[in-house]
Structure formats: C-alpha cells, structure tokens
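Scroll down for the structure; my scribbles are underneath it.
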Amino acid sequence: MEHQRFFPMKLLLHVCCAPCSVMCIETLRSEGVEPTLYWYNPNIHPFTEYRNRRDCLVSYAKNLALTLVMEDRYGLKDFIVEYPFADSGRCGFCYRLRLEKAACAAKERGFDAFCTSLLISPYQDHELLKKTALAAAERYGVEFLYRDFRPFFQEGQAKARAAGCYMQKYCGCIFSEEERYCGPQRPAQTVSKR
Numbered sequence: 423m424e425h426q427r428f429f430p431m432k433l434l435l436h437v438c439c440a441p442c443s444v445m446c447i448e449t450l451r452s453e454g455v456e457p458t459l460y461w462y463n464p465n466i467h468p469f470t471e472y473r474n475r476r477d478c479l480v481s482y483a484k485n486l487a488l489t490l491v492m493e494d495r496y497g498l499k500d501f502i503v504e505y506p507f508a509d510s511g512r513c514g515f516c517y518r519l520r521l522e523k524a525a526c527a528a529k530e531r532g533f534d535a536f537c538t539s540l541l542i543s544p545y546q547d548h549e550l551l552k553k554t555a556l557a558a559a560e561r562y563g564v565e566f567l568y569r570d571f572r573p574f575f576q577e578g579q580a581k582a583r584a585a586g587c588y589m590q591k592y593c594g595c596i597f598s599e600e601e602r603y604c605g606p607q608r609p610a611q612t613v614s615k616r
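Quick note: the sequence shown, position 181, residue 603 per this note's numbering, numbers continuous.
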C-alpha cells in the first residue's frame, strides 16, 4: 500500500551510483525533501568498479552538501555465496539484498521513509523493484516513498557527465559485466553423437 505524506520528511535514499542519483535528488529537493544518501551495494564487482562508484558518490554528495551514510564493505564472497544461480532470480536477488538493508537502516536510524535511485533506470525491472521495496517496508515497519524517476533518466545522465561523474558501463554485478562483453548467455546445448 502506498502512503501519501505531507512534506518535509526524513528520507533515506539508497543510491546505486552518483549518475543515477542526480535527478532523484533534484526531484526530491523540488518536493521539499532533503534526502540522506545511503550507500550499500555489495553486488558491484570487481573491486575497482565498486571503488570507482563509491568514490564518485562520496565526492558528489560532498559537492551537494548532502549527508551520506556508508555501509562500505566490498562483498564479493558473500554475494557469490548467497547468489541464486538461476538467471530468472538474479535481479530480484539484488533488489531484495539492497532494499531490505535500506529499509532496515531507515528504521534503525529514525527515518520516516526510504527510496532508491534504482527507480530511475529504464534498464531495471521497475515493477519488481516497487514490489520488493514495499515488501521490505512492511517487514521493517517503515514507509517506502515510491517515485517513478525514469522520465528524468537521460537528463540525469547528461548532468552527471557534465559534473564529471564516473559513468559505469553495466549494472553492477559480475554477471551483468559478463553480459556487457559476451552478450546474454544461452544454456549449453547437448549435441548427440551418432
């Protein structure tokens, strides 16, 4: 269930990367909401990619004078151990991993609600994101502030480039990096020998 609130509100904005956050932050500020940014992205691999995205966000948050809460732990081993090795569940796993942590952090830190910059990407499964975030909100007893930021995606990317932000080339997980170079992988086919 979506709730309507009167602003201002204390909002924790989960951020996947600085470029995706640009128009989320601008849109929220235009509504009178000054978000606190939240970094938790153990899905991003390899470490150099994780570091580039993290460091760019730290710099961007500082330039905007925004508070940034960091859950800064590179988590390749934990991610691989927990990852469901079924392609159909890949993105849902990443959404659940990050949005449950964001909902928990929002509740523990006294925020009214949480949101995510993942909602700006036209490449994400928007309905699954929304469903996952609402489930996390219910589980942790905190509100999920839903916004469809997708209409601002191109503008945000242009502003991020102009600001000198690091612009990643894939979603973040090691499997999306594989797709970047190799394309979507098809299941192996058995060739019969006759």
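Using N, Cα and C, we set each Cβ at its ideal position, and we do this for glycine too.
DSSP places Glu549 in the helix class (H, G or I) of the three-state scheme. For the pair of segments examined, the segment 519-537 was found not to touch the segment 480-488: the number of CB pairs separated by less than 8 Å stays below three. Excluding five sequence positions before and after Gln546, the CB atoms of its chain that fall closer than 6 Å to its own CB belong to Leu540, given in chain order. In the three-state reduction of the DSSP assignment, Tyr460 falls in the strand class, which pools E and B. Under DSSP, Thr538 forms a beta bridge with His436. Restricting attention to Pro573, Lys552, Arg572 and Pro468, the CA atom closest to the CA of Phe566 is found in Lys552. Separation of the CB atoms of Cys446 and Leu435 is rounded to 6 Å, and the pair is thereby assigned contact status at 8 Å. Taking the Cα positions, Cys439 is about 13 Å away from Phe575.
A straight line joining the alpha-carbon of Trp461 with that of Glu493 spans about 6 Å. As computed with DSSP, Glu530 is found in no beta bridge at all. With contacts defined by Cβ atoms closer than 8 Å, Asn465 and Tyr588 do not form a contacting pair.
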